[in-house]
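Numbering (the numbering used here), first residue to last: 61 to 282.
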């Protein structure tokens with residue numbers, strides 16, 4: 061897929077405006093400039109940023125309601141994928157985005173983009189130093205599925221959805237993880253790569269909630 065095809069999909073399928081595309085072009089140029097000094101993305105993907113990074117991230121908009129009153133968290137966002145792209149599209153003041161990234165260099169880049177493009181998102185550091193409050197978790201090139209599920213179970217404070225961009229081994233990863241009865245999943249095809257998959261996980265109730273609810277005093281029966 062070339063740049064023109066990727067931009068056309070952003071406009072027609074995902075409803076990015078002309079102003080959004082202008083901002084994405086500015087983002088792309090800033091990313092290339094930073095990448096010449098710091099390793100934010102692989103050099104081999106610099107000629108395919110629109111498809112490999114921007115459109116790949118933007119397609120997640122199909123799997124949640126950005127017009128809701130919700131908080132989306134991106135774990136290990138790197139140069140802002142996918143969370144920054146979702147934030148750029150967002151026009152709803154009640155929908156909040158937070159990007160977690162442990163690298164100071166990458167956090168500095170995110171802060172520059174936030175200021176230059178006048179975007180509204182929070183920047184967090186190492187997720188293991190935080191309690192995560194999220195309705196939606198997204199991640200791309202972050203950690204293995206079992207580690208993401210462990211974070212979900214132990215650190216996220218409420219019922220949530222997890223959306224993960226994965227490669228061709230997505231099903232094999234799921235088969236090797238014990239999700240438990242509180243987690244259900246399905247796979248969707250990526251629009252940027254025929255072999256890649258998107259894992260959609262619904263979390264009914266996490267382990268900490270179950271533990272807390274089991275210790276609450278029961279009301280007197282009437």
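Here a beta-carbon is modelled for each residue, glycine too, at the ideal position from N, C-alpha and C.
Remember, predicted model here, so these are calculated numbers, not experimental data.
In the three-state scheme derived from DSSP, where H, G and I count as helix and E and B as strand, residue 113 is classed as helix. Residue 188 and residue 141 have their alpha carbons spaced roughly 19 Å apart. Classified as exposed, residue 78 has fewer than 16 neighbouring CB atoms from the shown chains inside 10 Å of its CB.
When secondary structure is reduced to three states using DSSP, residue 147 falls in the helix class. In this structure, DSSP gives residue 161 a state outside helix and strand, which the three-state scheme calls coil. Unbroken alpha helix (DSSP H) stretches of 4 residues or longer found wholly inside the region 158 to 228: 164 to 177, 205 to 215, given in chain order. Here residue 121 is actually not in contact with residue 109; their C-beta atoms are around 18 Å apart, not less than 8 Å.
With respect to the C-alpha of residue 133, the residue from 116, 143, 232 having the closest C-alpha is 143. Collapsing the DSSP output to three states places residue 259 in a strand. The beta-bridge partner set that DSSP reports for residue 85 is empty. For residue 156, the number of other beta carbons within 10 angstroms of its own is at least 16, and it is reported as buried.
Exposed is the label assigned to residue 123, since fewer than 16 other Cβ atoms lie within 10 Å of its Cβ. The Cβ atoms of residue 259 and residue 208 do not sit closer than 7 Å to each other.
Taking a C-beta distance under 7 Å as the contact criterion, residue 117 and residue 145 qualify as a contact pair.
For residue 63, the enclosing alpha helix (DSSP H) stretches over residues 63 to 72.
Residue 167 is positioned such that its CB atom lies closer than 7 Å to that of residue 183.
Taking a C-beta distance under 7 Å as the contact criterion, residue 226 and residue 257 qualify as a contact pair. The straight-line gap separating the alpha-carbon atoms of residue 73 and residue 217 is approximately 33 Å. With respect to residue 137, residue 106 sits apart: the two C-beta atoms are not nearer than 7 Å.
If you draw a 10 Å sphere on the C-beta of residue 75, you find fewer than 16 other C-beta atoms in it, and that means exposed. Close CB contacts of residue 94 within its chain, under the 7 Å cut and outside five residues either way in sequence, are with 100, 169 (chain order).
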